[in-house]
Structures are given as structure tokens and as C-alpha cells.
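Colleague:
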Amino acid sequence: MTGLANQLRAGLYLLLHDAYFKGATVVLAMWLSAYGLLTLLPDDGVTFAFSLGSTFALSFRLVAFFTCFAMMGLAVHDTAAGGMRAAALAGRGRAGYVASRMLLAPLVAVVLAAVATVLLAVMGAMLPRALVPGPSAVAEVASQLPAYLLASWTYAAVGMVLVWAFPRERGIGTVLLGSVVLVTGLLETAVLMAFVIVPLAFSPELAWDLFSALQPASLSMALQGSLEVGSGYVVLLAVVYLGVAWLLAWRLWARRAV
Amino acid sequence: MSVNACAIETSGLSKSFRGVRAVADVGLHVPVGAVYGLVGKNGAGKSTLLKLVSGLTPQDAGAVSVLGRELRPGQADSRLGVLVEAPAVYGRLDAFENLMNRALVLGLPNPREACREALELVGLDARTAGDGRRRVLWPRGAYVDDLSTGLRQRLGVALALLGSPEVLLLDEPFNGIDPTGAASLRDLLARLSRERGVTVLVSSHVLAHLERVCTHFGVMRGGFLVRELTAEGLSDACAVHLVLRVDTPERAVAVLAEELPGLTVRVLPDGALSVAAPSGDEPDRRVLSQTLLGAGIAVTELSASQPDVEAELVRIIDGREPSRSAGEKNVWGGDVSGPGGARAPEPGPGGAPGPGRG
């Protein structure tokens, strides 16, 4: 475990110095602040009410997006810098590198969620037109947080695998696009459509049936409540995707020249 | 570990990329504490060999052993310090941060101190110049992306030195480094080997640097390791020798082997004989002539020659080396055709292994 601990420490050191992570934290904070600060505008016919409950729910999606963004960014920097080359020479080598990046993702999600929560709490207490929900409503919204954190981890893991699978020099545009495509579920929808596009030409009914059958495999749909599934199912789906992503990452790096 | 033990040993090491052979059947023997210079033309397979030894690239076939431990394909050893091709550095971090990252990966007990020491070793620390003024050789906070090739290369060497590795693998470490810095690096490698017993495997095209620092040499050609020799052996080859032209070279070799057994006699590619004395001094021309004339062999030309080490290495790299005389020993004290022999098959036409000795 020492080797993994070292790789984690080094990964954390890199993350704290990484522009993508810093940018993700700052932009998340600015985004939520701007949302709240709109209530300070003079009331000239349009009233901005700051609803803590709805903003809290919004912040979950932002956390998922920025976790994915930060980790994909770190993977991009790792790829450009031959990060694996350095890691491969250390204890636990390649496996340690993959594990360290995979384990950093939930940490980033938790940090960003904490930043969002603290910021919202402060704004809720200070903003004059803030609509603070009751404890039961807050608890209901907060109960969704673990599923979102797990989903954030999964999106980040899949994002990193995509970066590692196509190890070319990439910039912020790719990271942004990748995060949007993943977190909004566009990628999953595209994959689903790829499955039904051929049957659609022959029988729309068959295509729809197939689409309906495959829908439960979509993490984004399950997470956003488009599917009638419980939170346990969302967790299970996220864990499965996470496991597959980790396995793929390991397979990618196990024998690759670095 | 015995004196003659190998820090790095490979056997049958091979690697191809999309069907193109990069390294073929290489049996490398780097003794503990040696500074081993790997030379060869561009594309000879030097960098790939270093990557295979370091575990950065998994081999297709063959075995790698580092300090007595056999490594699986793609497996690295933390006792290695590696600089292969361009330094693996994060462009948007400064030098110290890059070193810190590596120190943390390696789990060094006092990472900051280790980083400072590594920077100092490669001359990138802030130090006082001879005129008493503080001279900052490495501006703290400057992104690595903004620095020159030479400074990046120095950082690469510093990264390889982190954690006091027992074996250093350096690929073209002198690239882009100014003459003073290159001389310092050369001295550093010699000092590490001499004082700390560090084994160094270094590839470079700058033969003048290697000549001064290396105790052993390996020559690669077309993916094969075609020759291993010691610096002493190379010096011997560069000793004053006589070049003779005789009417029957094969018979002359036999006569000299019998009459003057102390001499080393080689047949050069152009058919002339090269005769050297073990002392390195010029062989006695009169005795030589009389011996050959006495055997009825006519000497048509006799002149003295002394190649320099660099020229000799270039000759071997280009495959213009003379054929060996009978009984000649390889660098590790064994017969050239013996087990673990240093000589690999010569690449044949089209890059295929030729019918040379195994």
C-alpha cells in the first residue's frame, strides 16, 4: 500500500498545482455566487429570488461537471508530461498510477461539493431575498448528494479513460467538450441511438422497444429522474460503470509503451 | 555482489513496432559500477533498448535483469533512475515542483531536501558566483515550458538522480546542454560511479564525452548489439600498431602467431595486417620484417598507425572493424564466441539477422 499512498500523495500534489482543478473550483464558486448575487440587483420589475433548495440541486450537476472537467484536465496534463513514465518507475508503478487517478476523482467531487455547500449556506444566510427551505426539504435535496457524488466520480473516470485511450496533445476545448458530452448524457444518448438506428429503418416500433429496453443502462437518465428507478439502482449503475472504467484504464496502461 | 556481476543483463531482448524491428536479440552486460556507453547511428535501437531495460516499453521477447532481479515485461524497478528521450516534465510547473512530484511518487523520506540536492548536482541551484554575487541559475517559479532545451535536459537528469538510484539510464543526456554544463555532467557521472558505485548506462552521439567517462562500450547497429568492449580494450585497439601489406596475409598471421605469440595480429578489411604489441608500444619493425622474410613472405609496405578512440568507435559503428585474430578475448574476459558472448549476429540484407555468430 505504500506505493499507492505515494502515488496518491504525488497525484494530490499535482492536482493542487493543476490549472484545471483550480479553474474548476473558482468557476464553480463564481457561478453559484453570480446566481445568488442577482438578488442584489435593484427591483425594476424583475425580481430575482434566490431559492436555496433549487440552487443546491443545481450545484450537484455543477459538481459533477467540474469534477469531470478537473480530472480530465489532469489526465490531459499527465499525458502531455509523460506522467505515467514517472509513475511507472515507482512502487506499484502502472497500477498505482491508474488507482491514484481513479481515487482522486471522488476526492475532487467531495471538495467541490463542500465548496458549493459552504457557499450556498453563506449566501442563504446573507442574501436579503434568499428563500431558505425548511429542514425536511433540505434533507430531501441533500439525500440526492451521495448518488451525485458517485455519478461525478463515474463521469470523471470515464472521461479519464477517454483521454488515455486517445493520448494526443489536447487542450481545454477537448476537456470542456468531453465534460459536457459526458455529464449531460449526450454520449450515452448517442450510444443508445447507435443501437436503435438500424432497427429504426425497418420498424419504428421495434426501435422504440429496443430503446426502452436499453434506457435503464443510462446513468444520466437514471440520475436526472427520467427513469422510474430508485437511488439504489443509480448507485449500482454508477458502481458498474466505475468498475468497467477502472478495468479499461488498467488494460490500457498495463502494456502500453510510455 | 561479485566484482564481475552485472547490474543490467539482458538476453534475447527483442522489440518490434508495427512489424519494424527496433531491437533484436540483444544480450547486454553492464557490470556493477560501470559507466557503459551505448553508441550507434540514429535508429540503431539505443533508445528502445533503454526503454525496454527501464520497463517503460514491454519487450516482445527476451529477459531483463536489473541488479539480479528479473523484471517482467513492462515492469520497472525503483532502483533505476531514468532519462529516456525528452524529460517527462509538467510544462506548467516549475522545476522544483516537477522534482517534488517525482520525489513524492518515489516516496522519498525528505522530498524537499532530495529535490534541492538533485538541483545542485546538475547545477540548477541558486549559488554564489565567483565574484561574490548571488547567481540564480534556475528561476524559481518559471514554468518548464518557458525554459531552454538545455535547462530542461538538466532537469531531466535531476529527475533521474532523485532518490539516489543504484542504476542510471540516460538517453542523450548531453543534448542541448552548453559545453560547461556537459563537462560538469560528464564529471558527475564519473563521480557517481567512482564514489557511490552507481552503474550508468548512457547512450549518446557525442563520442568525445563518452570516451572520457565510459569504462565500457556497447555498439548497436540495426537493432543488434554488435559489440561490447571495455575502454581498456578500446585503448588497446588505439595503441600504436604497424600496418603491413604482405603477399600472403593468412600465412603471415599463422607465422606471426607461432613466432611472435605476444603480438595481436588482425586482418584489416582491405587485406592489410594490423600488428600491435600488448604494451601499447610500437612493435619492433626489424624483428617483424625479419620473421616474415625468414618465412619467405614478402613485405610490400610497412607503416605505423595510431587511430584515436573516437575514430575507432566510428569504425565499429560503421561496421568497418577488422576481423579478429584467433584467441582474442572479449571484454568480460571470455572468448568472444563463449556463453553470453558480446557479439550478436550482424544484420543481414533488408535488416534480417545475418548468419553471424550467436
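So the protein lines, in turn, are chains H and E.
For the first sequence, the numbering used here gives the first residue as 166, with consecutive numbering after it.
For the second sequence, the numbering used here gives the first residue as 823, with consecutive numbering after it.
Glycine included, C-beta positions come from ideal geometry on N, C-alpha and C.
Please check if any C-beta of chain E sits within less than 8 Å of the C-beta of Ala270 (chain H).
Modeller: No, Ala270 (chain H) lies away from the interface with chain E (no Cβ there is under 8 Å from its Cβ).
Colleague: Kindly indicate which three-state DSSP category Ser869 (chain E) falls into: helix, strand or coil?
Modeller: If DSSP states are grouped into helix, strand and coil, Ser869 (chain E) belongs with the helices.
Colleague: I'd like to know whether the C-beta atoms of His182 (chain H) and Glu919 (chain E) end up nearer to each other than 8 Å.
Modeller: Cβ atoms of His182 (chain H) and Glu919 (chain E): closer than 8 Å.
Colleague: I'd like to know if Gly188 (chain H) contacts chain E, where contact means its C-beta is closer than 8 Å to some C-beta of that chain.
Modeller: No, its Cβ sits nowhere closer than 8 Å to a Cβ of chain E.
Colleague: Beta-carbon of Lys873 (chain E) versus every beta-carbon of chain H: anything under 8 Å?
Modeller: Closer than 8 Å to some Cβ of chain H, the Cβ of Lys873 (chain E) qualifies, so yes.
Colleague: Give the secondary structure of Lys187 (chain H) by DSSP, where H, G and I count as helix, E and B as strand, and everything else as coil.
Modeller: Correct three-state label for Lys187 (chain H): helix.
Colleague: Rounded to a whole number of angstroms, what is the C-alpha to C-alpha distance between Leu315 (chain H) and His1027 (chain E)?
Modeller: Each residue's alpha carbon lies about 52 Å from the other.
Colleague: How about Arg924 (chain E): is its C-beta nearer than 8 Å to some C-beta of chain H?
Modeller: Closer than 8 Å to some Cβ of chain H, the Cβ of Arg924 (chain E) qualifies, so yes.
Colleague: Mind checking if Leu1051 (chain E) is an interface residue toward chain H, Cβ cutoff 8 Å exclusive?
Modeller: Taking Cβ atoms only, chain H never reaches closer than 8 Å to Leu1051 (chain E), which makes this a no.
Colleague: Can a CB atom of chain H be found closer than 8 Å to the CB of Ser900 (chain E)?
Modeller: Yes, Ser900 (chain E) lies at the interface with chain H (some Cβ there is under 8 Å from its Cβ).
Colleague: Taking DSSP as the reference, what is the three-state secondary structure of Ile362 (chain H)?
Modeller: Three-state DSSP puts Ile362 (chain H) in a helix.
Colleague: Just the C-alpha distance for Leu227 (chain H) and Gly855 (chain E), rounded to the nearest angstrom, thanks.
Modeller: Distance between the alpha carbons of Leu227 (chain H) and Gly855 (chain E): 56 Å.
Colleague: Who are the Cβ neighbours of Val873 (chain E) in its own chain at under 6 Å, not counting the five residues just before and after it?
Modeller: The amino acid occupying residue 873 (chain E) in the given sequence is Lys; Val does not appear at that position. Taken in chain order, the residues that qualify are Thr879, Val906.
Colleague: Just by C-beta distance, which residues in the stretch 225 to 259 of chain H are closer than 9 Å to chain E?
Modeller: Those residues of the stretch 225 to 259 of chain H that come within reach of chain E (Cβ to Cβ, closer than 9 Å) are His242, Asp243, Ala245, Ala246, Gly247, Gly248, Met249, Arg250, Ala251, Ala252, Ala253, Leu254, Ala255, Gly256, Gly258, Arg259.
Colleague: Can you tell which of E:Ser838, E:Thr1086, E:Glu1123 has its C-alpha closest to the C-alpha of Ala1099 (chain E)?
Modeller: If we check each option's Cα against that of Ala1099 (chain E), E:Thr1086 comes out closest.
Colleague: Using 10 angstroms around the beta-carbon of Pro987 (chain E), count the other beta-carbons present and answer buried if the total reaches 16, otherwise exposed.
Modeller: Per the 10 Å Cβ criterion, buried.
Colleague: For Asp993 (chain E), count the other beta carbons within 10 Å of its own beta carbon; 16 or more makes it buried, fewer makes it exposed. Which is it?
Modeller: Result: buried.
Colleague: Just verifying my parser: in three-state terms, what is the DSSP assignment at Arg335 (chain H)?
Modeller: Three-state result, Arg335 (chain H): coil.
Colleague: What residues from chain E crowd round Tyr178 (chain H), counting only those whose CB sits closer than 7 Å?
Modeller: Near Tyr178 (chain H) (Cβ distances below 7 Å), the residues of chain E are Met922, Asn923, Leu926.
Colleague: Buried or exposed for Val927 (chain E), going by 16 or more other Cβ atoms inside 10 Å?
Modeller: Flag for Val927 (chain E) reads buried.
Colleague: For the beta strand (DSSP E) that Asp243 (chain H) lies in, which residues bound it at each end?
Modeller: Taken as a continuous stretch (DSSP letters only), Asp243 (chain H) belongs to no beta strand (DSSP E), being part of the alpha helix (DSSP H) at 217 to 246.
Colleague: Who are the near neighbours of Val326 (chain H) in its chain, counting only those whose CB is closer than 8 Å to its CB and skipping five residues on each side?
Modeller: Closer than 8 Å at Cβ, skipping near neighbours: Ala410, Leu413, Ala414, Leu417.
Colleague: So what does DSSP say about Asp1069 (chain E), is it helix, strand or coil?
Modeller: In this structure, Asp1069 (chain E) counts as coil in the three-state DSSP scheme.
Colleague: Can you list the residues of chain H that Gly913 (chain E) reaches, using a CB-CB cut of under 9 Å?
Modeller: In chain order: His242, Ala245, Ala246.
Colleague: With a floor of 4 residues, list each alpha helix (DSSP H) that falls wholly inside the stretch 1077 to 1144 of chain E, ordered by position along the chain.
Modeller: For the stretch 1077 to 1144 of chain E, whole alpha helix (DSSP H) runs of length 4 or above, ordered along the chain, are 1107 to 1116, 1131 to 1139.
Colleague: Looking at the structure shown, is Tyr858 (chain E) part of a helix, part of a strand, or coil, going by DSSP?
Modeller: In the structure shown, Tyr858 (chain E) sits in a strand (DSSP, three-state: E or B).
Colleague: DSSP three-state call for Asp899 (chain E): helix, strand or coil?
Modeller: Residue state, collapsed to three classes: coil.
Colleague: Looking at the C-beta of Gln172 (chain H), does it have a partner C-beta in chain E at a distance below 8 Å?
Modeller: Yes, because at least one Cβ of chain E sits closer than 8 Å to the Cβ of Gln172 (chain H).
Colleague: State the Cα-Cα distance for the pair Ser344 (chain H) and Phe234 (chain H), rounded to the nearest angstrom.
Modeller: Answer to the nearest angstrom: the Cα atoms are 5 Å apart.
Colleague: Considering only C-alpha positions, which residue in the set E:Gly903, E:Asp1106, E:Leu943 is nearest to Leu1007 (chain E)?
Modeller: It is E:Leu943.
Colleague: Taking DSSP as the reference, what is the three-state secondary structure of Glu942 (chain E)?
Modeller: In the structure shown, Glu942 (chain E) sits in a helix (DSSP, three-state: H, G or I).
Colleague: What is the residue span of the alpha helix (DSSP H) that Pro311 (chain H) lies within?
Modeller: That run of the alpha helix (DSSP H) goes 310 to 330.
Colleague: Relative to the alpha-carbon of Ser385 (chain H), which residue among H:Ala403, H:Glu370, H:Gly397 has its alpha-carbon at the smallest distance?
Modeller: It is H:Ala403 whose Cα lies nearest to the Cα of Ser385 (chain H).
Colleague: Counting only Cβ pairs nearer than 8 Å, list the residues of chain E close to Val423 (chain H).
Modeller: Here the neighbours are Leu878, Thr879.
Colleague: For Thr204 (chain H), go through chain E and note every residue whose CB falls closer than 8 Å to its CB, in chain order.
Modeller: None at all; the shortest Cβ gap to chain E is about 37 Å.
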